[in-house]
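J.: If you scroll down you'll find the structure; I have some questions about it.
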Amino acid sequence: MNATVQAYFKAFNAGDVEAMLACLSDDVAHHVNEGKVRVGKPAFTEFCAHMSRCYRENLTDLVVFDAVNGTRAAAEFTVNGTYLATDPGLPEAKGQGYCLPAGSFFSLKDGKITRVVTYYNLADWIAQVSA
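In structure tokens:
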């Protein structure tokens, strides 16, 4: 199991952005489910601040997959969340709960994550918070 990816997810669940940043390369490319690619730790930090304001999430059922040479990894998990504050362009937040299957893909170099790609079904999330 990839220790860096495991540490990244442990930090995520703890809400520890500094520990997440410690897992990333300085020029990390962060591909979010919807939106532009963010490059670098400052952009990642800004994204995390936005997410913390709008969402409270905990990941469960985490399974991490490793490539043989340690340069790639993937993870499958369940996102258990609460929609805290309205995110522009999305439904109004009223403290709605949601539960979504999701996955992330990683590139790694020298023990640091150089690329994070996360996918989930946005239409499913919208349906859950709109119900």
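Quick note, the sequence shown lines up with residues 137 to 267 if you use my numbering. Each residue gets a CB set at the ideal place from its N, CA and C atoms; glycine is no exception. As the structure is a prediction and not an experimental result, all values here were calculated from the model.
So VAL252 packs on HIS167, CB below 8 Å; how close in whole Å?
T.: With 8 Å as the limit, VAL252 and HIS167 qualify as a contact, their Cβ atoms being about 7 Å apart.
J.: Measure the CB-CB distance between PHE180 and ARG174 and report whether it falls below 9 Å.
T.: Yes, they are a contact pair.
J.: Between the Cα of PRO224 and the Cα atoms of ASP163, GLU170, PHE145, which residue gives the shortest distance?
T.: It is GLU170 whose Cα lies nearest to the Cα of PRO224.
J.: Taking DSSP's pairing of strands, which residues face PRO237 in a bridge?
T.: THR214, per the DSSP bridge assignment.
J.: Looking at the strands, I want to know which residues DSSP matches up with LYS245.
T.: Bridge partners of LYS245: LYS248.
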